[in-house]
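Student: Residue numbers (the numbering used here): 695 to 860. Could you have a look at this structure, given as structure tokens, before my questions?
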Ligand SMILES: Nc1ncnc2c1ncn2[C@@H]1O[C@H](COP(=O)(O)OP(=O)(O)OP(=O)(O)O)[C@@H](O)[C@H]1O
Ligand SMILES: [Mg+2]
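Encoded structure:
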């Protein structure tokens, strides 16, 4: 499959499950850029990823801390750029070094400073669907690795069974 892929969840629980399925596919230095309004489900998806990576404890929204780091099978760098006003503030959180530190980085409001994002990132745009709890996820891999990740994740989520988890 080529070009953007869309998939829909109908509950918070299902979004977290989609996150767990994505976690199985992640590799060091993968970058996920999450876009969507307040309450779209960005943090919910990252909580599922964290759970799948074996992160213990609650994964809080990083809105106020900007960056929270969690340790699991891979290190999960969870960022929220909502409160940043300017791209140069990314230096304050060691943004560029963090992306290349061997963990996985999930960036909420990652569409805010497009020029600062790495070339190869999986863009996940979340919008509300018809029902109150429907969320539509549009995936766009901007480079070879993220395009492969988008395809594999969409495949894993189209399987209503176990999602192919080992
Ligand atoms: N299908 C769904 N997937 C995810 N969340 C859902 C879904 N249906 C309803 N919700 C609700 O939407 C909200 C999503 O909140 P969440 O904190 O994940 O959003 P967010 O995109 O991170 O917002 P913010 O920009 O404030 O960080 C929660 O209250 C959750 O219960
Ligand atoms: Mg959030």
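C-beta atoms are modelled at their ideal positions from N, C-alpha and C, and glycine is treated no differently.
#1: Hey, out of 711, 798, 853, whose CA is closest to residue 764's CA?
#2: Excluding the 5 residues flanking residue 811 on each side, which residues of the same chain have their C-beta closer than 7 Å to its C-beta?
#3: Using three-state DSSP, classify residue 800 as helix, strand or coil.
#4: Can you list, in chain order, the residues of its chain whose CB lies under 8 Å from that of residue 758, leaving out five sequence neighbours each side?
#5: Going by the CB atoms, is the gap between residue 723 and residue 796 shorter than 8 Å?
#6: If we require 4 or more residues per run, which alpha helix (DSSP H) segments fall completely within the stretch 760-802?
#7: In its own chain, which residues sit with a C-beta less than 8 Å from the C-beta of residue 821, not counting the 5 before and 5 after it?
#8: To which residues of the same chain is residue 815 closer than 6 Å at the C-beta, ignoring the five residues directly before and after it?
#9: Rounding to the nearest angstrom, what Cα-Cα distance links residue 782 and residue 773 in this structure?
#10: Any idea what DSSP makes of residue 831, helix, strand or coil?
#11: Give a single yes or no on whether residue 810 has its beta carbon closer than 7 Å to a heavy atom of ligand 2.
#12: Among 744, 846, 760, which has the Cα closest to the Cα of residue 714?
#13: Below 6 Å CB to CB, which residues in the same chain sit around residue 769 once its five sequence neighbours on both sides are set aside?
Tutor: In short, the structure shows the following:
#1: Walking along the chain shown from the start, residue 764 turns up at place 70. Out of 711, 798, 853, 798 has the C-alpha closest to the C-alpha of residue 764.
#2: Residue mapping note: residue 811 aligns to position 117 of the chain shown, counting from 1. Counting only Cβ-Cβ distances below 7 Å, and skipping sequence neighbours, we find 727, 804.
#3: The residue given as residue 800 occupies position 106 in the chain shown. Strand at residue 800.
#4: Working through the chain shown from its first residue, we reach residue 758 at position 64. Excluding residues within five positions, the ones whose Cβ falls inside 8 Å are 777.
#5: Here residue 796 refers to the residue found at position 102 when the chain shown is read from its first residue. Here residue 723 refers to the residue found at position 29 when the chain shown is read from its first residue. Against a cut-off of 8 Å, the Cβ pair of residue 723 and residue 796 comes out as a contact.
#6: 789-793
#7: The residue you call residue 821 lines up with position 127 of the chain shown. The residues are 730, 731, 734, 829, 830, 832.
#8: Looking up residue 815 in the chain shown gives position 121. Excluding residues within five positions, the ones whose Cβ falls inside 6 Å are 725, 727, 836, 840.
#9: Against the chain shown, residue 782 aligns to sequence position 88. Against the chain shown, residue 773 aligns to sequence position 79. Near 15 Å, if we compare the C-alpha coordinates of residue 773 and residue 782.
#10: To locate residue 831, count along the chain shown from 1; it is residue 137. Correct three-state label for residue 831: strand.
#11: By one-based count along the chain shown, residue 810 stands at place 116. Residue 810: no, Cβ never under 7 Å from ligand 2.
#12: The count along the chain shown starts at 1 and reaches residue 714 at position 20. Of 744, 846, 760, the residue nearest in Cα terms is 744.
#13: Taking the first residue of the chain shown as position 1, residue 769 is located at position 75. Closer than 6 Å at Cβ, skipping near neighbours: 797.
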